[in-house]
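Contents: one structure, followed by commentary.
In my numbering, the protein residues as written are 22 to 317.
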């Protein structure tokens, strides 16, 4: 058993069972839908299908990050147990929660001067963030120290590739990533933008592709281009989706055809309510370890 806690936010979009199995601790974001507030607690407060169904019916959503007091109350029990902490936050390119975690760290460092509290910007999101946490859990289980994990994250986090696409542009329009005019024309022409997370941890539109079938194929092409070892890739591959399992399954089938060593090994998750509040239903995201770092 390690002498430190491996921690993240619920926005790593793994399941509660997976976090428990890997002994990864997490703290929950918050979301609001139809004027009512909930915890982003991996589907416990509101089942994902219900959440996305409400969005599809026009419900407005808001999200709020974890504040300083919440981080203090979350971190302190571990420190009282004599544990050190390495906490990875949701990407600073998406949320300012890392700043709140750092303030909490500094406050607690005065009270627990003998404890290590590392707060690191993951520069990752959704199950790509979860994939990075899973790699760290592997390293911890191999006996690596908290300092070795910190060093690994800082050197390797940009090798976690994220490729997203959405089948409905109105949620990207609502979030300001696509103009209203472009969104209207795009939906009319059945355009599905392909996006990725860049070196600053921001979600960036990369290509405009017509039809879902074509954008699924293009996401797999990006994996062929960037995956460590090319089509011999046999590392972790995660896919998350927002209530569109049929599209995610189609992508899994294409990946398994192109990457024989991944057959039966691709893990499928739900995009949680914090990320999903901004991407909307009909979004699929692909995550893997690359041979190269992400671009600007």
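Beta carbons are placed, not taken as given, at the ideal position from N, Cα and C, and that holds for glycine.
Cα-Cα separation, residue i to residue j
i           : j           : result
residue 41  : residue 246 : 34 Å
residue 57  : residue 252 : 46 Å
residue 292 : residue 124 : 28 Å
residue 135 : residue 161 : 21 Å
residue 274 : residue 84  : 33 Å
residue 147 : residue 227 : 19 Å
residue 282 : residue 309 : 13 Å
residue 205 : residue 102 : Legend: pLDDT at residue 205 = 34, less than 50; position of this residue unreliable, no value from coordinates given.
residue 115 : residue 68  : 23 Å
residue 65  : residue 89  : 24 Å
residue 186 : residue 279 : 19 Å
residue 26  : residue 298 : 29 Å
residue 216 : residue 77  : 21 Å
residue 24  : residue 237 : 43 Å
residue 306 : residue 260 : 6 Å
Helix, strand or coil at residue i according to DSSP, with G and I counted as helix
i           : result
residue 87  : coil
residue 281 : helix
residue 243 : helix
residue 286 : coil
residue 144 : coil
residue 177 : helix
residue 31  : helix
residue 314 : coil
residue 136 : coil
residue 120 : helix
residue 228 : strand
residue 260 : strand
Own chain residues within Cβ distance below 6 Å of residue i, not counting five before or after
i           : result
residue 144 : 112, 178 and 222
Cβ-Cβ separation, residue j to residue i (assumed contact under 8 Å), whole Å
i           : j           : result
residue 263 : residue 73  : 6 Å
residue 218 : residue 315 : 7 Å
residue 233 : residue 268 : 6 Å
residue 181 : residue 153 : 5 Å
residue 230 : residue 239 : 6 Å
Closer than 7 Å: residue i CB and nearest the ligand GTP heavy atom
i           : result
residue 125 : Inclusion of the ligand GTP in the displayed structure is not the case, the ligand content being empty and no account of it being possible.
Cβ neighbours of residue i in the same chain (closer than 8 Å, five flanking residues each side left out)
i           : result
residue 75  : 54 and 55
residue 118 : 30, 50, 86, 87, 110 and 111
residue 189 : 208, 301, 302 and 303
Close beta carbons around residue i, own chain, < 7 Å, minus the five adjacent residues each side
i           : result
residue 43  : 155 and 158
residue 256 : 249, 309 and 310
task: Within the stretch 53-118, note down every full beta strand (DSSP E) run reaching 3 residues or more, in order along the chain.
output: 57-61, 82-85 and 105-110
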